[in-house]
Amino acid sequence: MPLRNVPIRRKLMLIALLTTAGTLLIAGAALILFNVLRFKEEMVADLTSLADVVARNSTAVLSFGDPGSAADTLRSLSARKPIVAAALYDKNGKLFARYRQGAEVKFPARPGNAGSASIPGGLVVFHPVMLKGARIGTVYLRSDLSELTARIRVQALAVGAVFLISGLAAVFLSSGLQRLVSEPVLDLSQTAKAVSEKQDYSLRAEKRGNDELGQLVDTFNQMLGQIQQRDSALQEAKEELEQRVDERTRELARRNEELHQSNKELDDFAYIASHDLKEPLRGIHNFSNFLLEDYADKLDDDGRSKLETLMRLTRRMETLIDSLLQFSRLGRVDLAMDRVDLNAIVAEALESLAITLQEEKVEIRLPRPLPTVRADRVRVGEIFANLIVNAVKYNDKPQKWIEIGALQNGSQAGGKAPVFYVRDNGIGIPEKHYDAVFRIFKRLHSRDKFGGGTGAGLTIVKKIVERHQGRIWLESTPGEGTTFYFTLQEET
Amino acid sequence: MALLRVSRKALPLFIAACWLGGFGLPGMARAQGAVSEYDVKAAFLFNFTKFVEWPPAAFADEHSLLKICVLGEDPFGKPLRELATGEVGGRRLTLKYLENLSHLESCHVLFVCRSERDRLPRILVDLHTAPVLTVGDTPGFTDQGGMINFILEGTKVRFDVNQEAAERAGLKISSRLLALAKHVKGRP
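So the sequences go chain by chain: A and B.
If you count the first sequence from 1, position 35 lands on 35 in the numbering used here, and the numbers rise without skipping.
Take any residue in the second sequence, note its place counting from 1, add 492, and you have its number in the numbering used here.
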């Protein structure tokens, strides 16, 4: 596990432990090094003074050339354990007598300079033998480092013991003291976790002191307080909003209901009114006809002409009432929804209008097949028939044409419902009348122009489209033509 | 520094003095063969001066010469003369060859040659307790009251010491010298 992922408790203990260990290691190493150096100095001093004694005791043997006695003198050094070799050199630097502990020691062929020197695993000293102010030889002593090694071992053991005890003490103390730092942090962390998990912003971290951690806890708690405030404000706002939406929805439903009701009443009224209007109208027509037939010879031309006008007006009135009935019926009956092949519907409509189309020499364009949709077969036929009649009627061009189709991707309005259209090269409609053309009995032109009509056709078309949850609109350029678009289902 | 001032010609003698006695290094036999018994004895005689302390009265002052006398027929010859040009403990050496027994007490070291064997008792009586280190080359020299006598052990030169006689004369012989003597008379 990388160090940065170690829990903070362990980290703190580790810091204490490593600090202690590092410090002790340096101190111990320094102590041992210092002692080694000092002890080496002592060893050199000891060895030098020993060499001096040997030198003083060797003056006679050197003077009188008695190597046997010299060897005896040197052999007395065997009591000194660290001395592994000793030798006497004469005035001319020749080896005169020697002593060694063990056979592996080699003696220098010639004495070195007076003084001490370190060699691998030992210490050597050359000391001059002086007699009456004259140098008559050299003492050579060699000591091993066994005492030094033993001393280092003892000290290393001591340092190791201190190391161990201090380490234990550090673990013990730091395991207690690390809580000062780690507990506030852990507490803070747990609080943060609890807040995050329970979404409970009323929780608070416990403050233990006034140090940086205490300040952190304060800041954290302040932040929690702010979040809590905002959260409750948000909650209130949300509840208020929900309440308002509820109210609106209820109101909307009520209004919708009212609207529905009034719509139905209106439909009922229109039906009843037009139905009841038809009977007296028929009476007027019939009696006008009787009058014209029975009293023709008693009337002059002017009278007859006026009667004929009266009859024409009643016929027109009847047509208007029929249209109104038809329109109001559309709002009352249920649609017979079914899968409908629009190609067949359009073909039927064209067939029923075949005579008119032939008379007017209208070219019919069907650029591509139409889809099959769910709709009321009869009503959809009325849509196409009305739009085609309109297109033929309001056209003053010598070469008339009508194009019927569906938009390729069906998405002029952005929805996925297919969009159908009926296009002509007729007289066009000024933009300000786009809405007016759908109003019932609204005519843009005088009654006799463009073949007359009740002015209910587009209103009925719009009603059928709307009963299918669809939409109808138009685009037009006056003098060039008009396109009516419509859909037959809800656009989502 | 006396030894260091020994001339180059005296070197073989020194080597002999130091190495005589069968100390087993290969080069030694040659050196031993090249030096005579009296070359060694001359070196010994010279070295004795370094291990003997004379009473202050034996010298006029601290710069007085240390006088080595040879009584009788000189067996040493040139080597001793060359050694005696040196200096011991700050005193210059001087070498005298004596014919008769006058002024014996003015010497610090008196070598009595074998030729004087017959006159030995008289010489020793004459000197009595005078601070003169008597060195002989005659068997029984120390028994008669001489202080140091050369003896031969095989080919090796050694010496006996009569410590009593030296003490009587007020001379202190270093224990290191005594340690090398074959016999020490008067040792407790």
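Heads up, the beta-carbon is just placed ideally off N, CA and C, and yes, glycines get one too.
Taking 3 residues as the shortest admissible run, the region 554-599 of chain B contains the following complete beta strand (DSSP E) segments, listed from N- to C-terminal end: 558-563 and 583-590. Counting along the chain, A/T372 sits inside the beta strand (DSSP E) bounded by residues T372 to D376. By the Cβ-count criterion, A/H127 is buried, with 16 or more other Cβ atoms from all chains shown falling within 10 Å of its own Cβ. Between the alpha carbons of A/T309 and A/R316 lies a distance of about 10 Å. DSSP places B/F543 in the helix class (H, G or I) of the three-state scheme. When CB distances to chain A are screened at a threshold of 8 Å, the residues of the region 564-595 of chain B falling below it are V580, G581 and G582, in chain order. Against chain A, the CB of B/A671 has a partner CB under 8 Å away; the residue lies at that interface. By the beta-carbon neighbour count (other beta carbons within 10 angstroms, threshold 16), B/V617 is exposed. According to DSSP, residue pairing for A/T138 in a beta bridge involves A/Y89 and A/P128. Under the Cβ criterion of 8 Å, A/S146 is not counted among the residues facing chain B. A/D66 sits in coil when the DSSP states are folded into three classes, being neither helix nor strand. Taking 7 Å as the cut-off between beta carbons, the residues of the region 537-568 of chain B near chain A are N539, K542 and F543, in sequence order.
The beta carbon of A/L224 sits closer than 6 Å to those of Y201, all from its chain and outside the five residues before and after it, given in chain order. Runs of beta strand (DSSP E) with 3 or more residues, each lying fully within the region 178-247 of chain A, are absent.
Under the three-state reduction of DSSP, A/I284 is assigned to helix.
With a cutoff of 8 Å on beta-carbon distance, B/D566 and B/C605 are scored as near each other. Secondary structure remark: continuous alpha helix (DSSP H) runs of at least 4 residues inside the region 294-345 of chain A, in chain order: 301-332. Leaving aside the five residues that flank A/L281 on each side, the residues in its chain whose CB is nearer than 8 Å to its CB run, in chain order, T314, M317, E318 and I321. Listed along the chain, the chain B residues whose CB falls inside 7 Å of the CB of A/S69 are A671 and L672. With respect to B/M639, B/A658 sits close: the two C-beta atoms are nearer than 8 Å. Between the C-alpha atoms of A/V54 and B/A576 there is a straight-line separation of about 28 Å. When the Cα atoms are used, B/N539 and B/V601 turn out to be separated by approximately 11 Å. Taking 8 Å as the CB threshold, A/L123 stays off the interface with chain B.
In the DSSP assignment, B/S667 falls within the unbroken alpha helix (DSSP H) covering S667 to L672.
By the neighbour-count criterion, in which 16 or more other beta carbons inside 10 Å mark a residue as buried, A/S476 falls on the buried side.
Residue contact check for A/V61 against chain B: a CB pair falls below 8 Å. In this chain, B/A550 is not harboured by any alpha helix (DSSP H), its DSSP state being neither H nor E.
The three-state secondary structure of B/S528, taken from DSSP, is coil. Contact annotation: the region 181-193 of chain A does not touch the region 147-165 of chain A, with fewer than three C-beta pairs closer than 8 Å. The beta-carbon of B/S666 is placed less than 8 Å from the nearest beta-carbon of chain A.
DSSP places A/G22 in the uninterrupted alpha helix (DSSP H) bounded by I8 to N57.
Under the 10 Å beta carbon count, B/I615 is surrounded by 16 or more other beta carbons and is classified as buried. Cα atoms of A/T191 and A/V217: separation of roughly 10 Å, rounded to the nearest angstrom.
Rounded to whole angstroms, B/F551 and A/A87 show a C-alpha spacing of 38 Å. When the five nearest sequence neighbours on each side are left out, the beta carbons in the same chain lying within less than 6 Å of the beta carbon of B/L572 are those of A534, in order along the chain. Collapsing the DSSP output to three states places A/D276 in a helix.
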